[in-house]
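Reminder that position 316 of the sequence shown reads as 316 in UniProt numbering, one-by-one numbering, no gaps. Ideal Cβ positions, reconstructed from N, Cα and C, are used throughout, including at glycine. Down below is the structure, laid out as structure tokens.
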Amino acid sequence: MDVKVKRLNRTERVIGTTCVYWLQGRCNRNPCRFLHSETPSILSTASCRDDTASYHNARKRFHISSESAKTVVRRKTGNDMFPSKHTTKKVLNRNMGDDRERTQVLPQKPSTSICKYWMNDNCVHGDQCRNLHSWSYGDGFATLAKLQGHKKLVTGIALPVGSDKLYSGSTDGTLRSWDCHTGQCANVMNLGAEATSLISEGPWIFAGLPNTVKAWNIQTALQLTLDGPKGRVLAMTVGNDTLLAGAEDGVISARRGSSKSNSPFELVASLRGHTKSVACLTIGAYRMLYSGSKDQSIKVWDLDTFECKMTLNAHTNEVTSLLCWDNFLLSGSLDCTIKVWYKTEAENLEVAYSHKVENGVVALSGMTDPKNKPILFCSTRDNSVRLYELPSFAERGRLFAKQEVGLVDIAPGGLFFTGDRTGLLTVWKWLEEPKVAATS
Numbered sequence: 001m002d003v004k005v006k007r008l009n010r011t012e013r014v015i016g017t018t019c020v021y022w023l024q025g026r027c028n029r030n031p032c033r034f035l036h037s038e039t040p041s042i043l044s045t046a047s048c049r050d051d052t053a054s055y056h057n058a059r060k061r062f063h064i065s066s067e068s069a070k071t072v073v074r075r076k077t078g079n080d081m082f083p084s085k086h087t088t089k090k091v092l093n094r095n096m097g098d099d100r101e102r103t104q105v106l107p108q109k110p111s112t113s114i115c116k117y118w119m120n121d122n123c124v125h126g127d128q129c130r131n132l133h134s135w136s137y138g139d140g141f142a143t144l145a146k147l148q149g150h151k152k153l154v155t156g157i158a159l160p161v162g163s164d165k166l167y168s169g170s171t172d173g174t175l176r177s178w179d180c181h182t183g184q185c186a187n188v189m190n191l192g193a194e195a196t197s198l199i200s201e202g203p204w205i206f207a208g209l210p211n212t213v214k215a216w217n218i219q220t221a222l223q224l225t226l227d228g229p230k231g232r233v234l235a236m237t238v239g240n241d242t243l244l245a246g247a248e249d250g251v252i253s254a255r256r257g258s259s260k261s262n263s264p265f266e267l268v269a270s271l272r273g274h275t276k277s278v279a280c281l282t283i284g285a286y287r288m289l290y291s292g293s294k295d296q297s298i299k300v301w302d303l304d305t306f307e308c309k310m311t312l313n314a315h316t317n318e319v320t321s322l323l324c325w326d327n328f329l330l331s332g333s334l335d336c337t338i339k340v341w342y343k344t345e346a347e348n349l350e351v352a353y354s355h356k357v358e359n360g361v362v363a364l365s366g367m368t369d370p371k372n373k374p375i376l377f378c379s380t381r382d383n384s385v386r387l388y389e390l391p392s393f394a395e396r397g398r399l400f401a402k403q404e405v406g407l408v409d410i411a412p413g414g415l416f417f418t419g420d421r422t423g424l425l426t427v428w429k430w431l432e433e434p435k436v437a438a439t440s
């Protein structure tokens, strides 16, 4: 009996102010010195009700608590909505027995996610939305133009020497040329098949198609068809005066310039070693070619002898992109990692650092910003492109798209490009002209 009286007295000493944490459904104190009800009351054993009444009262109390919490915020802030960029927290000043409430506004970390409803023009929250209503975030760059016309994935761009046109290829089977001054489409060429890669070298444009590579010289209007590859040509690059094309059968075709008028690109070698499709190619120092494949490996080839010098097996999924930067090789993979390779004293390549990303890596590219800081562009399978500052991999910003970004490329004058699966080709620009890093 004494124990029951003591407990009852302890409950009766509750302060006559409703607990604001209880109003929000998150008070974890038992007992609490403030009221857990809308009006002052003293608990008694005579207030017991049946289970059904307790259930409905609990639902009603939860509803009232939510409205009461909003009322408190309206009184404190003079706003009918919860602040979108701040968190309102109720605290009690208990110094010197002062139990008055005060509102403390704490800054909230900005969202790094784009609003999916805003992307489809149906977000009802407007400026109060907690997610981004922008196709990018970060400082120092802006959208220059959006080139619309392709119906499927943009797979490559080309800026041939001596032309004022930008060329783009797509899996919709077209090659488009764009006026660099107006941003308007100047011409559409039907290729007859999906273009899975596109590059330029000098006045030449090369488009990778199933079982062939098509070439155009914009100065002489010469057009060529280079047969030989088996399957789709997924990657191309030029190095050591050699056109290299990687195909679905895992073979890399090597062609060099010839004086023959009817065959200016002569097949000089077929590099065999990959067991699955060649997904990416890049040229590095010492006349070395690096190839990444769906067989999860990276191979290093000597461009003078066309021999495979080594095979790198650090990734656990398809190697989707390769980038040579200074003395380092960067590789991206669907295993959600970016690996940085360096050459040891024994002339071997080893992983110096492995950066984990949230989704599989689709494409890599790089350049320096206006302050000459190296910036790595990383497209991932969540329809975004992250901008990392090297060597720290600190995130500098992010670009967003409605669908996966398969193309990330750069150009002189501080320009960089993204192409996604909707067919949209977006041109971005640093607000100050940077120096372009050596990349392919």
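By the three-class DSSP mapping on this structure, what secondary structure does residue i have?
i	result
K339	strand
K309	strand
G126	helix
R381	coil
K356	strand
R287	helix
W216	strand
residue 449	The chain is shown from 1 up to 440; residue 449 falls before or after that span and cannot be answered.
V118	According to the sequence displayed, residue 118 carries Trp and not Val. Note: W118 maps to helix in three-state DSSP.
W135	coil
T344	coil
G292	strand
L147	strand
N187	strand
A158	strand
Q403	coil
What is the C-beta distance between residue i and residue j, in whole angstroms, given that I count them as a contact (C-beta under 8 Å)?
i	j	result
F400	I157	That pair is no contact at about 20 Å.
V154	D382	Incorrect: roughly 18 Å between the Cβ atoms, too far for contact.
V357	C378	7 Å
K373	E389	6 Å
N348	R287	Incorrect: roughly 18 Å between the Cβ atoms, too far for contact.
R398	G140	The Cβ separation is near 13 Å, so there is no contact.
W301	L271	6 Å
W216	I199	About 12 Å; that fails the 8 Å criterion.
S291	H274	7 Å
W428	L144	6 Å
L303	L289	5 Å
F393	H355	5 Å
Using C-beta distances below 7 Å, list every residue in its chain close to residue i, excluding the 5 sequence neighbours before and after it, in chain order.
i	result
A186	K165, S177, W178 and D179
A314	K339 and V351
L132	S111, S113, I114 and C115
E318	A279, K294, Q296, S333 and L334
residue 477	As displayed, the chain neither begins before 1 nor continues past 440, which places residue 477 out of reach and without an answer.
A235	S197, G246, V278, A279, C280 and L281
T237	I199, L244, L281, T282, I283 and S440
If you drop the 5 nearest sequence neighbours on each side, which residues of the same chain put their C-beta closer than 6 Å to that of residue i?
i	result
V268	A254 and R256
H150	S170, D172 and G423
A352	V340 and Y342
N120	none
L425	L147, V154, S168 and G419
M310	V300
S136	L399
residue 456	There is simply no residue 456 to check, as the chain begins at 1 and stops at 440 in what is shown.
C32	C19
A346	none
V188	T174 and R176
With distance defined between alpha-carbon atoms, name the residue in the options nearest to residue i.
i	options	result
N327	L243, S168 and K343	K343
I298	Y286, D304 and S331	S331
residue 456	G397, W430 and L243	Within the shown structure, residues of the chain are numbered from 1 to 440, placing residue 456 beyond reach of any answer.
T320	L303, Q148, D139 and A279	A279
Q184	Y167, S200, A193 and T17	Y167
T182	K146, K309 and E345	K146
I375	N359, C336 and W430	W430
L224	T237, E266 and R232	E266
P391	L329, W135 and A142	L329
G159	T305, E201, R386 and S136	The amino acid at residue 159 is misidentified as Gly; the sequence shows Leu. If we check each option's Cα against that of L159, E201 comes out closest.
V385	P370, L407, E307 and R33	L407
V233	A221, A193 and N30	A193
Of all Cβ atoms in chain B, is any one closer than 8 Å to the Cβ of residue i?
i	result
D164	Of the chains in the structure shown, none is chain B; there is only one protein chain.
Give me, in chain order, the residues of the same chain whose beta-carbon lies closer than 8 Å to that of residue i; leave out the 5 immediate sequence neighbours on both sides.
i	result
K230	N211, A247, E248, D249 and V251
L191	G169, G173, T174, L175, A207, L209 and K214
A195	T155, G156, G169, S170, T171, G173, T174, L175, A207, G208 and L209
Q219	G162 and P203
G97	Unreliable placement is indicated for G97, whose pLDDT of 44 sits below 50; no coordinate value is reported for it.
G360	N317, T320, S333, L334, D335, C336, T380 and R381
V124	Y117
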